[in-house]
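S.K.: In numbering that gives the first Met the number 0, the protein residues as written are 0 to 216.
C-beta: ideal position from N, C-alpha, C; glycine also.
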Amino acid sequence: MYKRQGQYVEFILRDGSRRSYSMANAPHNLGTPPAIELHIRHMPGGKFTDQVFSTLKEKDIVRMEGPFGSFFLREESDKPIILLASGTGFAPIKALIERMQQQGITRPTSLYWGCRSQADLYLLDWARQADAQMPHLTFHPVLSEPGEGWTGRTGFVHQAVMADWPSLKGHQVYACGAPVMVESAQRDFTAQCGLPVDEFYADSFTSIARAACWTAA
Numbered sequence: 000m001y002k003r004q005g006q007y008v009e010f011i012l013r014d015g016s017r018r019s020y021s022m023a024n025a026p027h028n029l030g031t032p033p034a035i036e037l038h039i040r041h042m043p044g045g046k047f048t049d050q051v052f053s054t055l056k057e058k059d060i061v062r063m064e065g066p067f068g069s070f071f072l073r074e075e076s077d078k079p080i081i082l083l084a085s086g087t088g089f090a091p092i093k094a095l096i097e098r099m100q101q102q103g104i105t106r107p108t109s110l111y112w113g114c115r116s117q118a119d120l121y122l123l124d125w126a127r128q129a130d131a132q133m134p135h136l137t138f139h140p141v142l143s144e145p146g147e148g149w150t151g152r153t154g155f156v157h158q159a160v161m162a163d164w165p166s167l168k169g170h171q172v173y174a175c176g177a178p179v180m181v182e183s184a185q186r187d188f189t190a191q192c193g194l195p196v197d198e199f200y201a202d203s204f205t206s207i208a209r210a211a212c213w214t215a216a
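1. Alpha carbons only, please: which of W149, G146 and T105 is nearest the one belonging to D130?
2. Let's test the definition: count the other Cβ atoms within 10 Å of the Cβ of A94 and tell me whether it reaches 16, buried, or not, exposed.
3. Name the DSSP bridge partner or partners of F10?
4. With 16 other CB atoms within 10 Å as the buried threshold, where does P43 fall?
5. For the putative contact between T48 and I39, defined by C-beta atoms under 8 Å, what is the C-beta separation to the nearest angstrom?
6. Just the C-alpha distance for S19 and V179, rounded to the nearest angstrom, thanks.
7. Exposed or buried, which one is Q6 when buried takes at least 16 other CB atoms within 10 Å?
8. Starting from A84, follow the beta strand (DSSP E) in both directions and report where the run begins and ends.
9. Applying the criterion that 16 or more other CB atoms from any shown protein chain within 10 Å of the CB defines a buried residue, is P26 buried or exposed?
10. Does T189 come out as helix, strand or coil in the three-state DSSP assignment?
11. What residues in its chain sit with their C-beta under 6 Å from that of Q101, if we drop five residues either side in the sequence?
12. Quick check on the burial criterion: 16 or more other C-beta atoms within 10 angstroms. Buried or exposed for P134?
13. Can you give the Cα-Cα distance for I80 and Q171, rounded to whole angstroms?
14. Can you look up Y200 in the DSSP assignment and give me helix, strand or coil?
15. Out of curiosity, what's the CA-to-CA distance linking Q158 and P66?
16. Starting from S109, trace the alpha helix (DSSP H) in both directions and tell me its first and last residue.
17. On a Cα-Cα basis, can you pick out the residue from F155, G146, A174 and Q191 that is closest to F199?
18. Would S85 pass as a contact of G176 if the rule is Cβ separation under 8 Å?
19. With DSSP run on the structure shown, which of helix, strand or coil describes L123?
20. Using the beta-carbon count (16 or more within 10 Å), is I92 buried or exposed?
21. Nearest-angstrom Cα distance between E36 and N24?
Next comes the structure, spelled out in structure tokens:
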């Protein structure tokens, strides 16, 4: 049973291999009938995502296990929060925000979502709406390869955090996305910004079988 926001499920393929995806809706938003929201990026040539985007149809049977993971909001803390996502790593971050809305959590929160292009910010309107509805939440989209007409932040998303918060000593950080981003953020936040090691919470894929928070092929 899905009890905590930010957890993930594993799809079991015919050959026994697994693909993992974080749930993007918090448990209280499963709806009627209950349904989980997954953010899946098509990876051309991928054993699973090629099927999802070409042949998979309604009522097809897929094998799935879960939920797994401990990427959930530590609600006993009163520290300001940095939410850090790259690509479809936004999925569990969205679930955390839904939980904050449902619980009336008003800790100062900064949301940084990094993508290559503006088209990759697939829930840009949702994030902007959350920013508008939650006075304690500030949204910062960051593009590494901005196209013509983009006037927002550019560069690597974890470096945008460091530019805004040279000291993270009193913060909690929740990060999800590509391993290079998560690893860089953990290293630089703790070494250069004073973030306590035990206040960095993250999920990134470390193998194909345990690819939490990532749309593995």
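M.R.: Answer, in terms of the structure:
1. T105
2. A94 is classed as buried because its beta carbon has at least 16 other beta carbons within 10 Å across all chains shown.
3. R18 and M63
4. exposed
5. 6 Å
6. 18 Å
7. buried
8. I80 to S85
9. buried
10. Looking at T189 - three-state DSSP - the assignment turns out to be helix.
11. H27
12. exposed
13. 5 Å
14. strand
15. 32 Å
16. Taken as a continuous stretch (DSSP letters only), S109 belongs to no alpha helix (DSSP H), being part of the beta strand (DSSP E) at T108 to C114.
17. Ranking F155, G146, A174 and Q191 by Cα distance to F199 puts A174 first.
18. The answer is yes: Cβ separation under 8 Å.
19. helix
20. buried
21. 6 Å
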